[in-house]
Amino acid sequence: SYRFVNTDQKNELKNNDRSIATLEGKNLLLDNANINEKFSGNMWKYQKSKSDYYSKMKLKEKYAKHLGLKMTAQPDNALDNQFGLIRNAEDVRIRDSGYSVHAFNTLISQRIGNHRGLPDTRNKLCRIQKYSEKLPKTSVIICFFNEHYQTLMRSVHSILDRTDMKYLKEIILVDDYSDLDGLHDAVQKSVNELNNRMRKEEEMIETNNIDVESVVDYINDDNVVDKKTTERNKDILSIRLLKTSKREGLIRARLYGAENSVGEVLVFLDSHIEVNIDWLPPMLARLAEGVDKETRFSHRAVTPVIDVINADTFEYTASPLVRGGFNWGLHFKWDNLPKGTLKTDEDFVKPIKSPTMAGGLFAIYREYFNYIGKYDEGMNVWGGENLEISFRIWMCGGSLELIPCSRVGHVFRKRRPYGTGDKEDFMLHNSMRMARVWMDDYVNKVIEHNPSAANLDLGDLTSRHDLRKNLSCKSFKWYLENIYPELETGENEVVKKRIADLNDVEKNKFQPWHSRKRNYTDSYQIRLKNTSLCIQSEKDVKTKGGGLVLGSCIRILNQMWFETSRFELVLGRTLCLDASNNVAPKLSKCHELGGSQEWKHKGSGGSPIYNTAAGMCLGVDRASRGEPLIMVICDNQPTNQWDFIRT
Ligand code: UD2
Ligand code: MN
50 SYRFVNTDQK NELKNNDRSI ATLEGKNLLL DNANINEKFS GNMWKYQKSK SDYYSKMKLK
110 EKYAKHLGLK MTAQPDNALD NQFGLIRNAE DVRIRDSGYS VHAFNTLISQ RIGNHRGLPD
170 TRNKLCRIQK YSEKLPKTSV IICFFNEHYQ TLMRSVHSIL DRTDMKYLKE IILVDDYSDL
230 DGLHDAVQKS VNELNNRMRK EEEMIETNNI DVESVVDYIN DDNVVDKKTT ERNKDILSIR
290 LLKTSKREGL IRARLYGAEN SVGEVLVFLD SHIEVNIDWL PPMLARLAEG VDKETRFSHR
350 AVTPVIDVIN ADTFEYTASP LVRGGFNWGL HFKWDNLPKG TLKTDEDFVK PIKSPTMAGG
410 LFAIYREYFN YIGKYDEGMN VWGGENLEIS FRIWMCGGSL ELIPCSRVGH VFRKRRPYGT
470 GDKEDFMLHN SMRMARVWMD DYVNKVIEHN PSAANLDLGD LTSRHDLRKN LSCKSFKWYL
530 ENIYPELETG ENEVVKKRIA DLNDVEKNKF QPWHSRKRNY TDSYQIRLKN TSLCIQSEKD
590 VKTKGGGLVL GSCIRILNQM WFETSRFELV LGRTLCLDAS NNVAPKLSKC HELGGSQEWK
650 HKGSGGSPIY NTAAGMCLGV DRASRGEPLI MVICDNQPTN QWDFIRT
């Protein structure tokens, strides 16, 4: 008998694995031929006995079902992503109410479920890195306020699926006093089930009596209470759900989680993430380097590369290697790496120094976190803590690094759904607490930039000033000269411009982004099947926000569509067809983020034109001139079938 756990392991399947992979009586043949490097979530590890090392193989999906493990494979090719497909009014309701509560597409997240495969976004060299078996054990801390249940659970499952348990001590979920109906209870229930299951598995391995059937029953039975194993083996990973006694905000919620943790290393994560293959060892290995014999910690914090999970489509895409910076508005931003950082292949694997961190995802020795002053307890709700801890670490003798081989996907949202209060207020309050303690005279630059920051009531800062003194930290001038000279020299123009562009289109969005060259080749008219009516802009091709209508097909500029490799439909080489309001398409500035500007179709023979974010198709009410284009449910009505005609 074997134990199966969905995971990623870097070891290759060996030839003789095939023969032992047939489960008695179950006919579970694990087919060698089905190994697929790309879909890490399709990988299952099996363990014959406690001492056996895990190997990697793909369990055919039907066998996975047979085991009672539900999984949804995410197609590699975004072409086929129809998770968002709208079938009826109820789907529309789920999608739209999800957006208003969570600011992302919960319909899609719901449908993806607990598990999915992710593309391996690392540099190829990362696959052959070896890490010590003896690395510190980790407490993963995830704080959440009103998180979407399925999205939170997939975050947890992604950790269980893709982390070698020998590095994991516990997963601590901190509910920051959420007030979404039923959320806390639902999470508690799932946590109990997961803990039960893990204990059961552990027990079976202990007694070398592994019975797949009973694991399946166990997983499927919601009410099972395991009496035999109520006394918990301390070494077994546990998932714990804590709750703050009032809304604390993410900063104090993290402190609460950290205080209740026992792992040697803390890893903080957001509640809408998916960790990728082998994400943890590279960070732990770097932290473990240069550990002080006496204190038993290193003076470092490390971050993974934050890949992008598109908020509208949940597509997972690789982020380029960029590092953290900031501006005098005290907003975090992504910068290009200094020229020459990535010269050799190895440079794509080595740690990269970063002036700041984005804030959500990082690893640090617990005792170093305490030593260096944790977080500022006077910071509320959201914002500012990331620059504070970044400056503090650098100025007080530590370092902050990006680990290229560690990748974690994060849902980047356009807005943060935290109550009706002005979010900027929290951010400004927190940032100014930071600036007054850490930025010396440079605080004047900040105020110059934002005069309203001058006279804020910031509360008591004594303990933070004391901290800086006690740790004998260096000056902010030192930090600027040695860690972030680019702030003054402006050497990171490219990304800065790019982010500025984005802010123009979508306020508040910050994500690592590199511009891809647009390649315009053939142009097309898009004709309603069996008619001589084509899609054209209502106004001229350069009018942002302009709608689309049907017009008689003639070869004019405002019927001339280009298709890009990102599946954008660009009119007259300027504006992108955009479905962001879910009701009617319009022409918008191209944002290069897929989603609302990503259109899938078969090309010829008459096919629907599907928008991945809206989950709906291009259509009209009637086939007549001047008729406006609208988003409709995708079906085979003649009013939503289109031909692409090369012009
Ligand atoms: C980024 C960070 C985030 C945090 C923030 C600045 C990343 C990927 N994310 O913004 O971690 O550092 O910058 O503060 O680097 N939460 C609570 N209580 C609250 C508000 C939020 O527990 O009152 C949770 C929330 O559910 C989430 C986490 O804190 O899990 C971060 O919040 P966010 O996702 O809205 O922040 P984000 O990613 O926009
Ligand atoms: Mn987040």
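Quick note: to get the UniProt record's numbering, add 49 to the position in the sequence shown (first position is 1).
Yeah, the Cβ is synthetic: ideal placement off N, Cα and C, and Gly gets one too.
Query: Taking only the alpha-carbon atoms, compute the straight-line gap between L529 and V240 and give it to the nearest angstrom.; Result: 45 angstroms
Query: Would you mind stating whether W383 and G298 have Cβ atoms separated by less than 8 angstroms?; Result: no
Query: Mind checking whether S439 and K402 have CB atoms under 8 angstroms apart?; Result: no
Query: Counting only C-beta atoms, is S614 closer than 8 angstroms to chain C at any point?; Result: Included in the structure is just one protein chain, with no chain C present.
Query: Report the option in R671, V324 and S601 whose CA atom is closest to the CA atom of G458.; Result: V324
Query: Taking only runs that begin and end inside the stretch 167-250, name each unbroken beta strand (DSSP E) of 3 or more residues, in chain order.; Result: 187-193 and 217-224
Query: Check whether the Cβ atoms of N307 and R415 sit closer than 8 angstroms, and answer yes or no.; Result: For clarity, residue 307 is Ala in the given sequence; the question names Asn instead. In this structure, R415 lies closer than 8 angstroms to A307 by Cβ.
Query: Report yes if the C-beta distance between L507 and H478 is below 8 angstroms; otherwise report no.; Result: yes
Query: What ranges does the beta strand (DSSP E) occupy inside the stretch 620-677, keeping only unbroken runs of at least 3 residues that lie completely in it?; Result: 624-627, 635-637 and 665-668
Query: Could you say if the stretch 149-163 and the stretch 183-192 meet the contact criterion of at least three C-beta pairs nearer than 8 angstroms?; Result: no
Query: Just the Cα atoms here: how many angstroms apart are W443 and H348?; Result: 10 angstroms
Query: At a threshold of 7 angstroms, does G378 count as lining the ligand UD2 (C-beta to nearest heavy atom)?; Result: no
Query: Note down, in chain order, each residue of its chain lying with its Cβ closer than 6 angstroms to the Cβ of L118, except the 5 sequence neighbours on either side.; Result: Its pLDDT being 37, under 50, L118 is placed unreliably in this model, and the value from its coordinates should be taken loosely. Closer than 6 angstroms at Cβ, skipping near neighbours: no residue.
Query: When you compare only the Cα positions, how much space is there between K463 and C175?; Result: 32 angstroms
Query: What's the gap between the Cα of Q159 and the Cα of G133?; Result: 10 angstroms
Query: Could you check the C-alpha separation between I220 and Y533 for me, to the nearest Å?; Result: 34 angstroms
Query: What residue range does the beta strand (DSSP E) around G306 cover?; Result: Segment G298 to E308 is the alpha helix (DSSP H) holding G306; no beta strand (DSSP E) there.
Query: Output the residues surrounding the ligand MN, defined as those with a CB atom closer than 6 angstroms to any ligand heavy atom, in chain order.; Result: D319, H321, G409 and H459
Query: Let me check you understand the geometry: is the CB of F440 closer than 7 angstroms to at least one non-hydrogen atom of the ligand UD2?; Result: no
Query: Check whether the stretch 598-612 touches the stretch 631-647, taking contact to mean three or more Cβ pairs, one atom from each stretch, closer than 8 angstroms.; Result: no
Query: Quick one: is the Cβ of L477 within less than 7 angstroms of any heavy atom of the ligand UD2?; Result: no
Query: Between K523 and D489, what straight-line distance do the alpha-carbon atoms span, to the nearest angstrom?; Result: 11 angstroms
Query: Contact defined as beta carbons within less than 8 angstroms: I believe T696 pairs with Y569. What is the distance between those atoms, to the nearest angstrom?; Result: Actually they are not in contact, since the Cβ atoms of T696 and Y569 sit about 13 angstroms apart, beyond 8 angstroms.
Query: Within the present structure, is the beta-carbon of V357 separated from the nearest heavy atom of the ligand UD2 by less than 7 angstroms?; Result: no
Query: In the structure shown, what three-state DSSP assignment does T352 receive?; Result: strand
Query: Measuring alpha carbon to alpha carbon, tell me which residue in S368, D341 and V205 is nearest I355.; Result: S368
Query: Among K173, V590 and R604, which has the Cα closest to the Cα of G621?; Result: V590
Query: Whole angstroms is fine: what's the gap from V351's alpha carbon to R144's?; Result: 36 angstroms
Query: Classify T511 as helix, strand or coil using the three-state DSSP reduction.; Result: helix
Query: Distance check for K238 and V273, CA to CA, integer angstroms please.; Result: Because V273 carries a pLDDT of 38, less than 50, the predicted location of this residue cannot be relied on, and the following value inherits that uncertainty. Their backbone Cα atoms lie some 11 angstroms apart in a straight line.
Query: Can you check DSSP and say which residues form a bridge with R695?; Result: Y573
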